[in-house]
Amino acid sequence: MYHIDDFDLKILTLLQTNGRLTNQELSDLVGLSASQCSRRRIALEQAQLILGYHARLAPNAVGLACLGLIEVRLINHTSEYIERFHQMLGEADAIIDAYQTTGEADYLLKVAVADLHGLSALIRQILSQNKSIAHLKTSVVLNRLKENGLMVPELPARS
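Here is the structure:
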């Protein structure tokens, strides 16, 4: 198990905000040499504390402007039903995040589709036909305010 110290935590926090920072930029911000930052970054990657580097895209940039949150309750919790549901999660590209939860819902899904028609089709074709699902509750995201720990910049008003 990897022990995280204050320098590692600072590196992780800075990279979460901007994954494009160079080792030199990191070293200036953290107060270590560039080679020390490089070694620490590699160690954090190998310990799987850094899972990857990604560009944060606006959903409409890739034609997925409609976000939905879907609460899912399974019929029962036998391994067959759970495996069938998990298989569907892996096959449905529109499901971008999936969380197993406590409370009334067993899972919370974050989905991204082009429009409301696409959301309806996803619910009808993929989720409702899965024999493991007893109940769905869908909410449409009106505004993205904060994602991945970062405030989402406001779009300019249309004229």
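The opening position of the sequence shown corresponds to residue 1 in the UniProt record's numbering, with each subsequent residue numbered one higher.
Beta carbons are placed, not taken as given, at the ideal position from N, Cα and C, and that holds for glycine.
Which term fits residue i, buried or exposed, when burial requires 16 or more other beta carbons within 10 angstroms of its beta carbon?
i	result
Asp93	exposed
Gly68	buried
Ile42	exposed
Leu119	buried
Val152	exposed
Ser27	buried
residue 160	In this structure the chain extends from 1 to 159, so residue 160 is not present and cannot be described.
Tyr99	exposed
Ala55	exposed
Asp97	exposed
Leu127	buried
Residue i by DSSP, collapsed to three states: which one?
i	result
Asp6	helix
Ala34	helix
Glu154	coil
Ile133	strand
residue 160	Since the first residue shown for the chain is 1 and the last is 159, residue 160 is missing from the structure and cannot be characterised.
Ile50	coil
Ala43	helix
Asn18	coil
residue 161	Not covered by the structure: residue 161. The range shown for the chain is 1 to 159.
Given residue i, which residues of its chain have a CB within under 6 Å of its CB, disregarding the five upstream and five downstream residues?
i	result
Val140	Gly68
Ala47	Tyr2
Thr101	Leu108
Ala65	Pro59
Can you find the residues in the same chain that come closer than 7 Å, C-beta to C-beta, to residue i, ignoring five residues on each side of it along the sequence?
i	result
His3	none
I'd like to confirm the pairing. Which residues does DSSP put opposite residue i in its beta bridges?
i	result
Ser139	Leu69
Glu147	Leu150
Kindly list the residues whose CB is nearer than 8 Å to the CB of residue i, restricted to its own chain and excluding five residues on each side of it in sequence; keep chain order.
i	result
Ile11	Leu26, Val30, Cys37, Arg40, Arg41 and Leu44
Asn23	Ala34, Ser35, Cys37, Ser38 and Arg41
(message) Threshold first: 4 residues or longer. Then list the alpha helix (DSSP H) segments lying entirely within the region 69 to 125, N to C.
(response) 79 to 91 and 116 to 122
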